[in-house]
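Student: In this note's numbering, the protein residues as written are 1392 to 1620. The beta-carbon is built from N, C-alpha and C at its ideal position, and this holds for glycine as well. Got a structure for you, written out below as C-alpha cells; questions coming shortly.
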Ligand SMILES: *[C@@H]1O[C@H](CO)[C@@H](O)[C@H](O)[C@H]1NC(C)=O
Ligand SMILES: *[C@@H]1O[C@H](CO)[C@@H](O)[C@H](O)[C@H]1NC(C)=O
Ligand SMILES: *[C@@H]1O[C@H](CO)[C@@H](O)[C@H](O)[C@H]1NC(C)=O
Ligand SMILES: *[C@@H]1O[C@H](CO)[C@@H](O)[C@H](O)[C@H]1NC(C)=O
C-alpha cells in the first residue's frame, strides 16, 4: 500500500514537473487560475478561431493532492474555429466579462466572433500564463482526426468524470504512467477539474465507464476517468 501510494505520488510529481516553469502554478495548485471553479455548464455561446485543445473524449488520471482537484487528460490540439460557453469559464474575471458581453444576444457567435475577451486571452496566451493552450470545444475535429466518428453520449446516474472546458493545457503527450499502453497519440495535455457525484451527468463517449460514485474508490494517479459534463 505505501508503495502504491508512493508510486502514484511520483506519477503526480512527474506530471507536475512537465509543466512547471518559473512563476507558473503547477497543476497541483491551479486555484490562482481557476478562480470561478466550480463551473456549471451553460449555453451562452461564443466563437473563437485559433489554436485550442480539444478534450471531448479525453482519458484522464487524477493528480494526487491537486487543488482544485484536477486530472491530467490526454487531448488533441487543433487550429481553427472552436466554441465556448460563458458560464463554464474557470477564470472569474474573464467569466464575468464574457457573461456581460454575451448574455441575451447572439453577438458573441456573430459580430464579436473571435473578438471577445476569452478569445483574445486564449490567442495571445495570457489566459493561464505558462500554459500555452486552453481547452474549448469543436463538434467535428476529434471525429475527423481520429476517423472514429462521434460516439453516442450517455447519461450516467452518478460517477466520476472530468469537465475539461476552459482548462489550462500544454502541448505534448500526458506524462502519467497510468494511461493505458497504446493510448491514442494525444498531442496536448490538459489539467481538467473533476467531480464525483451521485447526480446524473453526461458521459461524452457513452462506451466509457461512468467512474466510481464513491470518491474513496478514485485512486489518485491510478484510476482512469473520462471527460463528461
Ligand atoms: C482570430 O484571432 C487570432 C488572434 O488575433 C488571429 O490570429 C486569427 O487569425 C483570427 N481568426 C480569424 C478567422 O479571424
Ligand atoms: C469545427 O472545426 C471545423 C474545421 O475547422 C469547422 O469547419 C467548424 O466550423 C468548427 N465547428 C465549431 C462548432 O467550432
Ligand atoms: C494533433 O493530433 C491530431 C490527431 O492526430 C491532428 O489532427 C492535429 O493536427 C495534431 N495537432 C498538431 C498541432 O499537430
Ligand atoms: C469510445 O469508447 C470506446 C470504448 O472504450 C473506445 O473503443 C472508442 O475508441 C472511444 N471513442 C472515442 C472517439 O474516444
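Can you tell me whether residue 1441 sits near ligand 1, meaning its C-beta is under 7 Å from at least one heavy atom of the ligand?
Tutor: Checking the Cβ of residue 1441 against ligand 1 gives yes.
Student: How big is the Cα-Cα spacing for residue 1599 and residue 1526?
Tutor: So the two alpha carbons sit approximately 20 Å from each other.
Student: Here's the rule I'm using: 16 or more other beta-carbon atoms within 10 Å means buried, otherwise exposed. How should residue 1422 be labelled?
Tutor: Counting Cβ neighbours within 10 Å, residue 1422 comes out exposed, since fewer than 16 surround it.
Student: Quick one: does the C-beta of residue 1529 sit closer than 7 Å to a heavy atom of ligand 2?
Tutor: At least one heavy atom of ligand 2 is nearer than 7 Å to the Cβ of residue 1529, so yes.
Student: Compute the distance between the beta-carbons of residue 1436 and residue 1529, then report whether it is under 8 Å.
Tutor: The answer is no: Cβ separation not under 8 Å.
Student: Could you pull the start and end residues of the beta strand (DSSP E) that residue 1607 belongs to?
Tutor: Element bounds for residue 1607: n/a, residue is neither H nor E.
Student: For ligand 3, I want to know if residue 1592 counts as a neighbour, meaning its beta carbon is within less than 7 Å of at least one of the ligand's heavy atoms.
Tutor: It does not: the Cβ of residue 1592 is nowhere closer than 7 Å to a heavy atom of ligand 3.
Student: Find out if the Cβ-Cβ distance for the pair residue 1577, residue 1479 is shorter than 8 Å.
Tutor: Contact flag unset, no.
Student: Out of curiosity, what's the CA-to-CA distance linking residue 1425 and residue 1505?
Tutor: Rounded to whole angstroms, residue 1425 to residue 1505 spans 22 Å at the Cα level.
Student: Are the CB atoms of residue 1560 and residue 1524 nearer to each other than 8 Å?
Tutor: Yes. Within cutoff.
Student: Can you give me the C-alpha to C-alpha distance between residue 1403 and residue 1522, rounded to a whole angstrom?
Tutor: Note that residue 1403 scores a pLDDT of 34, beneath 50, so its modelled location is shaky and nothing firm can be said.
Student: According to DSSP, residue 1458 sits in a beta bridge with which residue or residues?
Tutor: Partner(s): 1420.
Student: Please report how far the alpha carbon of residue 1472 lies from the alpha carbon of residue 1482, in whole angstroms.
Tutor: Each residue's alpha carbon lies about 21 Å from the other.
Student: Using alpha carbons as the reference points, say which of 1463, 1427, 1438 lies closest to residue 1417.
Tutor: Checked all of 1463, 1427, 1438; the closest Cα to residue 1417 is 1463.
Student: On the CB-based measure, 16 or more other CB atoms within 10 Å of its CB, does residue 1408 come out buried or exposed?
Tutor: Confidence is the limiting factor: at residue 1408 the pLDDT is only 38, short of 50, which leaves the residue's position unreliable, though a coordinate-based value still follows. Residue 1408 is exposed by the Cβ-count criterion.
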